[in-house]
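Residue numbers (the working numbering): 5 to 954.
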């Protein structure tokens, strides 16, 4: 029904209802909310235009920005229409004047009553009835109803289904990241039974290659890399996390569990090693290992990154905009930012070069060797104890009797005396009988420097090599530094054993030192000061069951301290050597993980003024933004509470974001194009009801992302031909309406993996340490040490999937960066696709692609008879799966003939093309023929159809 009303002599047609979210909010977000939005600190005139109450309220001027049904009395409309530079909104120095269409939209909206509504993505998704559609025979599942209903509204029709060869290649690349073989494609094409396509999809979903393909997408979000980042960019061993992601995806781990284990696996009851490894998601933040940097500054930077990444990955929100001030466009205040920060601020990692805390894992061979050493140690210790007991029995009682009573000790303190001293301790052992109770205690020290945490001196590792073992506590330089262990419970102790630092002859640093024992009320029970350094090649054993040493004990101790050769029997020396060997057996794999701080070590979080970690404001408690669903029943939420909040069915964003991410991978563009921003500055969804339908359904299916992928790829929408037409090119050039199948360039990793796969070079080896494949030799060397120089991995490791390529943030693998792979210094929600001449130069000239062409040519020449047409057909089908058309066959034949002519005239060029870099050909090989076929293979590998999904 059309209604016409008069507005000041102007007739306005209200044939179409204006929707606030669809039509008005984007105008306000573009032109108004920077000054009249959520950020109270910069809000002008006290006016907030994205909230009804403020927009309708009377201003100090006596006007109202919006007067429902009365555009003429609405100050908003008067200001955007004004030609007076002092009144016009937005001011000329802050933005252009609204277009006539935008002004008319505001006028109609006000005339219709100025109805406000909450931003679409902040309202939980709701299921809507499936639309009836005209093209019922095209429909294969509910997705098609939503898409075809929109096409009908636009006067468009769906495209026919793609031919089976193209469809097989498309879905195989999409689900596994690799092309099908000719055999696999032919089996599908000739399978005339009902459900052939569904069977193909189910097979691909259970392929181990599925996890590798989709792990790559997640690793961009996780900012996974094999280096620490920043200028020095030292290597990081974190590939076990990459493998965890692959396995979790292959096993079909529900997305809610996938979320919880990565954000808070360490907080689950009795976490497994795999659950601890999952927490490396947030250990992928960068670490600055350069000397002289402020550890707290970069620890803080890591927490900031975790806050921003968490909200981007799970909720599609630009949380980082609220770090320095309240968000200008979305309802997130700076206080809420740091409440969220407080949840993630309670972990043990602290920008240390050693990446602690880490999960240590050992191979079977190493565990076997350790068991042998432990057996030898046990035998020697037993022998030494027996000898000591025999000696004691043979000694007159009055010579060993100590005139003292038992002391019940709670605290043991070691202190270095003097000005500007360091205190280093390899290990402090506190024995009750033969049991060392120090390892169960809580260590602390007066200060910490160079990553030498106090706990390193009671971790059970007596190796004193600070540089190699990283098991030495280390205070900062200060007056009278101290180290202390609080025993788990008061104990009557017999002796204290100190193990000193051994490397670089630094034992002299522990000089003029003191041992103090306290009871649980911190009353001193034993105080003894020593003026000599303990030996650096053995422990010092201090009797501690008396309030003072006898004169004979003191003399024995001082002699022991002064005489580097005294004190140890051959058995004791052998025992020390065995223990050193055991301590030096470092774990085969150490993976940085997240571990929570103890309850009594929780950090206080304060607002950082303008995002400066040195300029602190009010203290805040942990919490989440109130604009979203509440986190109920928790006073001080932990990471585990946060993870569960993110995947709570009441969360309005997470399920939508997940659905959109998978849709984006399959169609090139998400239903929400700005997959990194579901806030008010982001694009509106092209098919909002479809997005909500899939969001509701994926939660109903217990967050089963394999179900989601199957639902999408079995739809008629996905299976459409990607051929376009002049009408579609004009009406929907970017295919946002989905009247045809998607066609876009493959990702960087897929392009390389495909070349290796079709040439027969790709290794099927899965998981394990990252590798260094071939890349152009430019003669470059690493700025910080040779360990990061690129030495190509031996054997099949040079031909593994791109997922396993060693990723150094400051120097990523060049050809992948050329095809838009990110550096992974920070989270990348979506890769932008660029088109540059460098990309063609890579696939034409990079040694990986030249070698792939050479290998493919050799395969074609050895696998078929001498018939040229048969060989061309095999080469073409190996790459593109479908048979070539007659014109294509003819053109390829001409190209081959041209290459032959060129190489007949230049034998040196023929030899180079045929053998460099792959290897010499078999004796008797026609190098001219091999070179010509190599050129033809290179041509086919560079076809646009090859580099794009069909």
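Glycine is no exception: its CB is placed at the ideal position from the N, C-alpha and C atoms. All of these numbers come straight from a predicted model, not from anything done at the bench.
{"Asked": "To the nearest angstrom, how far is the alpha carbon of residue 215 from that of residue 802?", "Found": "21 Å"}
{"Asked": "Of all the beta strand (DSSP E) runs that stay within the bounds of the segment 579–605, which reach a length of 3 or more residues?", "Found": "593–596"}
{"Asked": "Under 8 Å, do residue 747 and residue 953 count as touching if we go by C-beta distance?", "Found": "yes"}
{"Asked": "Considering only the alpha carbon of each residue, which of 458, 937 and 904 lies closest to residue 878?", "Found": "937"}
{"Asked": "Determine the closest residue to residue 762 out of 451, 884 and 580, with distance taken between C-alpha atoms.", "Found": "884"}
{"Asked": "Since residue 144 and residue 719 are thought to touch, with beta carbons under 8 Å apart, how far apart are those beta carbons, to the nearest angstrom?", "Found": "6 Å"}
{"Asked": "Fully enclosed by the segment 628–705, which alpha helix (DSSP H) runs are 4 residues long or longer?", "Found": "643–650, 658–671 and 692–704"}
{"Asked": "Helix, strand or coil for residue 417, going by three-state DSSP, please let me know.", "Found": "strand"}
{"Asked": "Should residue 800 and residue 779 be called a contact, given that it needs their Cβ atoms to be closer than 8 Å?", "Found": "no"}
{"Asked": "State the Cα-Cα distance for the pair residue 858 and residue 894, rounded to the nearest angstrom.", "Found": "22 Å"}
{"Asked": "Can you give the Cα-Cα distance for residue 897 and residue 876, rounded to whole angstroms?", "Found": "8 Å"}
{"Asked": "Just to confirm, are residue 129 and residue 656 a CB contact at a threshold of 8 Å?", "Found": "yes"}
{"Asked": "Just the C-alpha distance for residue 668 and residue 926, rounded to the nearest angstrom, thanks.", "Found": "47 Å"}
{"Asked": "Roughly how many angstroms lie between the CA atoms of residue 32 and residue 340, to the nearest whole one?", "Found": "24 Å"}
{"Asked": "Would the segment 675–691 count as touching the segment 322–340 if we require 3 or more Cβ pairs under 8 Å?", "Found": "yes"}
{"Asked": "Within its chain, find whatever has a CB closer than 6 Å to the CB of residue 703; leave out the 5 residues flanking it on each side and keep chain order.", "Found": "653 and 659"}
{"Asked": "Roughly how far, in whole angstroms, is the beta-carbon of residue 182 from the beta-carbon of residue 758, given that I think they are within contact range, below 8 Å?", "Found": "7 Å"}
{"Asked": "Buried or exposed: which applies to residue 710, given that a residue is buried once 16 or more other Cβ atoms fall within 10 Å of its Cβ?", "Found": "buried"}
{"Asked": "If you count every other CB in all the chains shown that lies within 10 Å of the CB of residue 528, and 16 or more means buried, which is it?", "Found": "exposed"}
{"Asked": "So residue 317 is in the alpha helix (DSSP H); what residue range does that whole segment cover?", "Found": "299–319"}
{"Asked": "If you reduce the DSSP assignment to three classes, tell me which class residue 491 lands in.", "Found": "strand"}
{"Asked": "Do you know how far the Cα of residue 416 is from the Cα of residue 562?", "Found": "For residue 562, the predicted structure reports a pLDDT of 42, less than 50, and the residue's modelled location is therefore unreliable. A value from the coordinates is still provided. Distance between the alpha carbons of residue 562 and residue 416: 21 Å."}
{"Asked": "Bridge partners for residue 503 per DSSP, in chain order?", "Found": "431"}
{"Asked": "Counting pairs of beta carbons, one from the segment 276–287 and one from the segment 587–597, are three or more of them closer than 8 Å?", "Found": "yes"}
{"Asked": "What separation, rounded to the nearest whole angstrom, lies between the Cα atoms of residue 220 and residue 807?", "Found": "6 Å"}
{"Asked": "Please classify residue 312 as buried or exposed, where buried requires at least 16 neighbouring CB atoms within 10 angstroms.", "Found": "buried"}
{"Asked": "Does residue 123 pass the burial test, meaning 16 or more other C-beta atoms within 10 Å, or should it be called exposed?", "Found": "buried"}
{"Asked": "Could you name each continuous alpha helix (DSSP H) segment of 4 residues or more that falls completely within the segment 728–796, going from the start of the chain to the end?", "Found": "730–735 and 752–762"}
{"Asked": "To which residues of the same chain is residue 238 closer than 7 Å at the C-beta, ignoring the five residues directly before and after it?", "Found": "231, 232 and 293"}
{"Asked": "Are the Cβ atoms of residue 661 and residue 320 separated by less than 8 Å?", "Found": "yes"}
{"Asked": "Spell out the partners DSSP gives residue 521 in its beta bridges.", "Found": "416 and 530"}
{"Asked": "Taking only the alpha-carbon atoms, compute the straight-line gap between residue 520 and residue 486 and give it to the nearest angstrom.", "Found": "10 Å"}
{"Asked": "Between which two residues does the alpha helix (DSSP H) holding residue 449 run?", "Found": "First-last for residue 449: 446–449, but that is the beta strand (DSSP E), not the alpha helix (DSSP H)."}
{"Asked": "Please determine, among 209, 178, 170 and 817, the residue with the shortest C-alpha to C-alpha distance to residue 192.", "Found": "170"}
{"Asked": "Using 8 Å as the threshold, is the C-beta distance between residue 663 and residue 712 below it?", "Found": "yes"}
{"Asked": "Looking at the unbroken beta strand (DSSP E) that takes in residue 945, where does it start and where does it end?", "Found": "Unbroken run through residue 945 is the alpha helix (DSSP H), 931–945; no beta strand (DSSP E)."}
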